[in-house]
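Residue numbers (the working numbering): 729 to 1095.
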């Protein structure tokens, strides 16, 4: 007999059977996400003296590798908390990063202001990669029409490809990554798709796209291995070596860099704000706050009670949502009827389309 799974929430976090139908619990009601976080924390996170030592040793390696070069590392700069803190740490460590901003046409005015403040106060050189909007618009529309969940995969893929290409061109050996265990380890597999999969992007676009992707920065596993093994480019998650209390970091970058809060994780992008605040909850029944708040609970940064109180608040400010809704439809040149028809279409799996398979068992694809 089949039917809806009985609702259950993790006894420690706010992850539940709504967020992930495949979530499992132990005899104490603790979900798999707690144990996955603790394992990742034990293996990858170094705090206190150990973290400081590793960070300083890494900085010394980066400086040595970048000796006699204009830059010794490269990093993406979105203006969000993670990338801003990476930039701050890099300068504290005496590194010479090239900051790269990926402009996909959805920057908020506040993100532009924050980025200007960051590069000005830290004395960073900034390279802005501006995507071909007609191509990218068509690709985003293809993902919307395909009804797959990870619409952000195309932006992540392009950022990833751009950073590796620039690193290779400029002989930079280290990419400073803002990914980290402490604030973003928890993420159900049903919410995402591998960001490096160029075949899935091409397949979805072939099914629904109209504009040829002549300039989109694709990158496949072979090219990535070339940059890693031949050019020696490494991506390092520096935040896993630092004390990363989210609220304390926000307070720090506000004070030191004049940074202003967006009101949500990755809300520096109008599109991401609309995607996470409207499309995910409405079409896919996903509230990403559950995962982000659960990580903060697992790391001892907030209590479950504080997380539950946060979830009682609207996922999206009503006035902002209305403004963004109109802006998104205008930018996509969609009528409300056309857009709502997309929202009402049943979700599909990314695996309904072609996807990348490992091409050499000796070197599995890194994800």
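Each residue gets a CB set at the ideal place from its N, CA and C atoms; glycine is no exception. Because the structure is a prediction, the values reported are computed rather than measured.
Quiz item: Are the region 829-837 and the region 1015-1032 in contact at 8 Å, needing three or more beta carbon pairs?
Solution: no
Quiz item: Of the choices 738, 889, 1055, 779, whose alpha-carbon is the least far from that of residue 961?
Solution: Numbered from 1 along the chain shown, position 233 holds the residue referred to as residue 961. Ranking 738, 889, 1055, 779 by Cα distance to residue 961 puts 889 first.
Quiz prompt | Outcome for residue 734 when other beta-carbon atoms lying within 10 angstroms are tallied against a minimum of 16 | solution = As a working note, residue 734 is residue 6 in the chain shown. Counting Cβ neighbours within 10 Å, residue 734 comes out exposed, since fewer than 16 surround it.
Self-check item: Residues near residue 858 in its chain [Cβ-Cβ closer than 7 Å; skip 5 each side]
Solution: Position 130 of the chain shown holds residue 858. Within the same chain, residue 858 has close Cβ partners 831.
Exercise. Using the Cα positions of residue 947 and residue 863, report the straight-line distance between them to the nearest angstrom.
Key: Residue 947 sits at position 219 when you count from the first residue of the chain shown. Residue 863 sits at position 135 when you count from the first residue of the chain shown. Here the C-alpha atom of residue 947 lies approximately 16 Å from the C-alpha atom of residue 863.
Quiz prompt | Alpha-carbon to alpha-carbon, residue 904 and residue 794 | solution = By one-based count along the chain shown, residue 794 stands at place 66. By one-based count along the chain shown, residue 904 stands at place 176. Taking the straight line joining both Cα atoms gives about 13 Å.
Self-check item: In DSSP terms, what residue 803 is bridged to
Solution: As a working mapping, residue 803 is identified with position 75 in the chain shown. DSSP lists 827, 904 as partners of residue 803.
Quiz prompt | Other residues of its chain near residue 1095: CB distance less than 8 Å, five sequence neighbours each side excluded | solution = If you number the chain shown from 1, residue 1095 lands on position 367. Any reading at residue 1095 needs caution, since the residue's pLDDT is 30, under 50, leaving its predicted position unreliable; the model's value is listed next. The residues are 922, 923, 924.
Practice problem: Mark residue 1079 as exposed unless 16 or more other C-beta atoms lie within 10 angstroms of its C-beta, in which case mark it buried. | Solution: Indexing the chain shown from 1 puts residue 1079 at position 351. With fewer than 16 other Cβ atoms within 10 Å, it is exposed.
Quiz prompt | Extent of the continuous beta strand (DSSP E) run through residue 853 | solution = On the chain shown, residue 853 is found 125 positions in, with the first residue counted as 1. From DSSP, the beta strand (DSSP E) with residue 853 extends over 853-858.
Self-check item: Straight-line gap, residue 915 to residue 861 (C-alpha atoms, nearest Å)
Solution: To locate residue 915, count along the chain shown from 1; it is residue 187. To locate residue 861, count along the chain shown from 1; it is residue 133. So the two alpha carbons sit approximately 29 Å from each other.
Quiz item: Would you call the region 798-811 and the region 819-826 in contact, with 3 or more CB pairs under 8 Å?
Solution: yes
Quiz item: When we look at the beta-carbon of residue 754 and count the other beta-carbons within 10 Å, is it buried (16 or more) or exposed?
Solution: Numbered from its first residue, the chain shown carries residue 754 at position 26. Its Cβ having fewer than 16 others within 10 Å, residue 754 is exposed.
Exercise. Can you give me the start and stop residues for the alpha helix (DSSP H) that residue 977 sits inside?
Key: Here residue 977 is taken as the residue at index 249 of the chain shown, counted from 1. Element bounds for residue 977: 974-985.
Practice problem: Run the CB neighbour count on residue 945, radius 10 Å, all protein chains shown included, and call it buried at 16 or more, exposed below. | Solution: As a working note, residue 945 is residue 217 in the chain shown. Buried, since its Cβ has 16 or more Cβ neighbours within 10 Å.
Quiz prompt | residue 730 versus residue 1064: straight-line alpha-carbon distance, rounded | solution = Position 2 of the chain shown, counted from the start, is the residue given in the question as residue 730. Position 336 of the chain shown, counted from the start, is the residue given in the question as residue 1064. Reliability of the predicted coordinates at residue 730 is poor, the pLDDT of 48 falling under 50, and the value obtained from them is presented with this limitation in mind. C-alpha separation (whole angstroms): 36 Å.
Self-check item: Burial state of residue 886 (16 or more Cβ within 10 Å)
Solution: Position 158 of the chain shown, counted from the start, is the residue given in the question as residue 886. So residue 886 ends up on the buried side.
Quiz item: Cα-Cα, which of 982, 964, 758 is closest to residue 789?
Solution: For the purposes of this step, residue 789 is taken as the residue at position 61 of the chain shown. Selected option, being the one with the closest Cα: 964.
Quiz item: If you count every other CB in all the chains shown that lies within 10 Å of the CB of residue 974, and 16 or more means buried, which is it?
Solution: Looking up residue 974 in the chain shown gives position 246. With 16 or more other Cβ atoms within 10 Å, it is buried.
Exercise. Might you give, ordered along the chain, the residues of its own chain that have their beta carbon closer than 7 Å to the beta carbon of residue 845, omitting 5 neighbours on each side?
Key: Reading the chain shown from its first residue, position 117 is the one you call residue 845. So the qualifying residues of the chain are 985, 986, 987.
Practice problem: Please go through the same chain and pick out, in chain order, the residues whose beta-carbon is closer than 6 Å to the beta-carbon of residue 881, but skip the five residues on each side of it. | Solution: Within the chain shown, the letter at position 153 stands for residue 881. The residues are 921, 923.
Exercise. Mind reading off the beta-carbon distance from residue 874 to residue 787? Whole number of angstroms is fine, and I expect it under 8 Å.
Key: To locate residue 874, count along the chain shown from 1; it is residue 146. To locate residue 787, count along the chain shown from 1; it is residue 59. That belief does not hold up - the Cβ atoms of residue 874 and residue 787 are roughly 43 Å apart, past 8 Å.
Exercise. Mind checking which residues open and close the alpha helix (DSSP H) that includes residue 931?
Key: Taking the chain shown and counting its residues from 1, the one referred to as residue 931 is at position 203. Taken as a continuous stretch (DSSP letters only), the alpha helix (DSSP H) holding residue 931 covers 926-936.
Practice problem: Look up residue 835 in the DSSP assignment and say whether it is helix, strand or coil. | Solution: Looking up residue 835 in the chain shown gives position 107. Note: residue 835 maps to strand in three-state DSSP.
Exercise. Return the residue from the list 909, 1006, 899, 996 that minimises the CA-CA distance to residue 958.
Key: Along the chain shown, one-based indexing puts residue 958 at 230. The candidate whose alpha carbon is nearest that of residue 958 is 899.
Quiz item: Within 10 angstroms of its Cβ, does residue 808 collect 16 or more other Cβ (buried), or is it exposed?
Solution: If you number the chain shown from 1, residue 808 lands on position 80. It counts as buried.
Quiz item: Which value, in whole angstroms, describes the spacing of the CA atoms of residue 758 and residue 1029?
Solution: Position 30 of the chain shown holds residue 758. Position 301 of the chain shown holds residue 1029. Note on geometry: alpha-carbon atoms of residue 758 and residue 1029 lie some 18 Å from one another.
Exercise. Taking only the alpha-carbon atoms, compute the straight-line gap between residue 814 and residue 949 and give it to the nearest angstrom.
Key: The count along the chain shown starts at 1 and reaches residue 814 at position 86. The count along the chain shown starts at 1 and reaches residue 949 at position 221. Distance between residue 814 and residue 949, taken at the CA atoms: about 26 Å.
Quiz prompt | Through-space distance from residue 748 to residue 912, alpha-carbon basis | solution = On the chain shown, residue 912 is found 184 positions in, with the first residue counted as 1. On the chain shown, residue 748 is found 20 positions in, with the first residue counted as 1. If you take the alpha carbons of residue 912 and residue 748, they lie about 16 Å apart.
Quiz item: Distance, Cα to Cα, residue 1092 vs residue 805?
Solution: Along the chain shown, read from residue 1 onward, the residue named residue 1092 stands at position 364. Along the chain shown, read from residue 1 onward, the residue named residue 805 stands at position 77. In this predicted model, residue 1092 has a pLDDT of only 34, less than 50, meaning its place in the structure is not dependable; the value taken from the coordinates is given anyway. The straight-line gap from Cα to Cα measures roughly 29 Å.
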